[in-house]
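Here is the structure we will look at.
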Amino acid sequence: MPFQRIDSRDPGSGLLPLLLILICLGWLSPPSLPAQALQVEARLGGGINWSYGAAAPHIHQRPFPAYYGQLSLGYWVNLRIGIGLGLTQYPIGITHLLQIETPDISRWNSRSHSLSYYPYMTQLLLWYALPQGKHRLAGSQVGLGVLWARTVFDFGWSRETAVPYPSGQTVFEWSEWTVEPHRFWGIEARWNVPLWTRKRQRVLASLQVVKGLVPVIRTTRAYYIDFPDQTVSTTWTTHGDYLGLALAYQWTWWERKREKGPRPGK
Numbered sequence: 000m001p002f003q004r005i006d007s008r009d010p011g012s013g014l015l016p017l018l019l020i021l022i023c024l025g026w027l028s029p030p031s032l033p034a035q036a037l038q039v040e041a042r043l044g045g046g047i048n049w050s051y052g053a054a055a056p057h058i059h060q061r062p063f064p065a066y067y068g069q070l071s072l073g074y075w076v077n078l079r080i081g082i083g084l085g086l087t088q089y090p091i092g093i094t095h096l097l098q099i100e101t102p103d104i105s106r107w108n109s110r111s112h113s114l115s116y117y118p119y120m121t122q123l124l125l126w127y128a129l130p131q132g133k134h135r136l137a138g139s140q141v142g143l144g145v146l147w148a149r150t151v152f153d154f155g156w157s158r159e160t161a162v163p164y165p166s167g168q169t170v171f172e173w174s175e176w177t178v179e180p181h182r183f184w185g186i187e188a189r190w191n192v193p194l195w196t197r198k199r200q201r202v203l204a205s206l207q208v209v210k211g212l213v214p215v216i217r218t219t220r221a222y223y224i225d226f227p228d229q230t231v232s233t234t235w236t237t238h239g240d241y242l243g244l245a246l247a248y249q250w251t252w253w254e255r256k257r258e259k260g261p262r263p264g265k
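Read in numbering that gives the first Met the number 0, the sequence shown has 162 at position 163, and its numbers run on one by one without any break.
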């Protein structure tokens, strides 16, 4: 059974100040700007996490599939530049495989996983929309943001196994995992390409890259055959680095008296 540990600190402690900043930007922006608009975005995405660690015989890393959902509120300061605040459900994990094949042991495969799940990850994002035109990138959006979270659910499939073989040999294998600290900080870059556009709505495809700034999970995998003094082990660490694709839906509201003119992101 997986072990679950919960950090019960307030997940939204950093959310209120940033939300107030976002509201103030709306009130303080000069009314003479060519376009001011609110934007709601929902996105679903999937990709992989990967880990770092020294190589060891028979122990291999496998990319960890990660799927997430995000809901965000944004504000277009002008026709090209916007700022947004989002709430994300985001998993970070490690997967590694112990694979042994010897003349006496036909084949031994054992997979191990560790997972940290952040149900309240907050994101602050600044984006720039390329102008419309005949160039290939027309209407695309480039974004750069900061991700952070404090509340986390940790799941580790730790195990200890001894498997005898007819030859008389026994494979002993085990894994241990730790999560420290109970928070996440990362930076994100994204590139949105419009797939479908209407007056106030857009559907976009998105390429996303996240670089974690603190260690999230450390997992040690070890094994030996018959003799403990011949133990082989390695430790993997993930910072939450992520590469993936997403599908996003954006709905934008701007003042009706400006509907006849250029719209944000156009």
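Note that CB positions come from ideal geometry on N, CA and C, so glycine has one too. Computed from a predicted structure; not experimentally measured.
| Asked | Found |
| --- | --- |
| Are any of the Cβ atoms in chain C nearer than 8 angstroms to that of L125? | The chain inventory of the structure shown lacks chain C, comprising one protein chain alone. |
| Quick check: what's the CA-CA separation for L114 versus A65? | 10 angstroms |
| For a minimum of 3 consecutive residues, which ranges assigned as the beta strand (DSSP E) are wholly contained in the stretch 167-254? | 169-178, 183-196, 200-211, 216-224, 231-237 and 241-253 |
| Which partner residues of W126 appear in the DSSP bridge assignment? | G81 and G142 |
| Hey, how far is the Cα of L242 from the Cα of T234? | 22 angstroms |
| Return the CA-CA distance between A36 and T236, expressed in angstroms with no decimal places. | 42 angstroms |
| If we ignore side chains and look at the alpha-carbon of each, how far apart do I80 and T251 end up? | 14 angstroms |
| Report the residue from T169, G144 and P180 whose alpha carbon sits nearest the alpha carbon of P227. | T169 |
| Which term fits R201, buried or exposed, when burial requires 16 or more other beta carbons within 10 angstroms of its beta carbon? | buried |
| Which word fits G92, buried or exposed, when buried means at least 16 other C-beta atoms lie within 10 angstroms of its C-beta? | buried |
| Cα separation between T230 and V178? | 24 angstroms |
| From K198 to G138, what does the alpha carbon distance come to, in whole angstroms? | 14 angstroms |
| Note down, in chain order, each residue of its chain lying with its Cβ closer than 7 angstroms to the Cβ of L27, except the 5 sequence neighbours on either side. | Low local confidence applies: a pLDDT of 48 at L27 is under 50, so the model's placement there is unreliable, with the coordinate-based value given in what follows. Here the set comprises nothing. |
| Going by DSSP, what residues sit across from Q60 in a beta bridge? | H95 |
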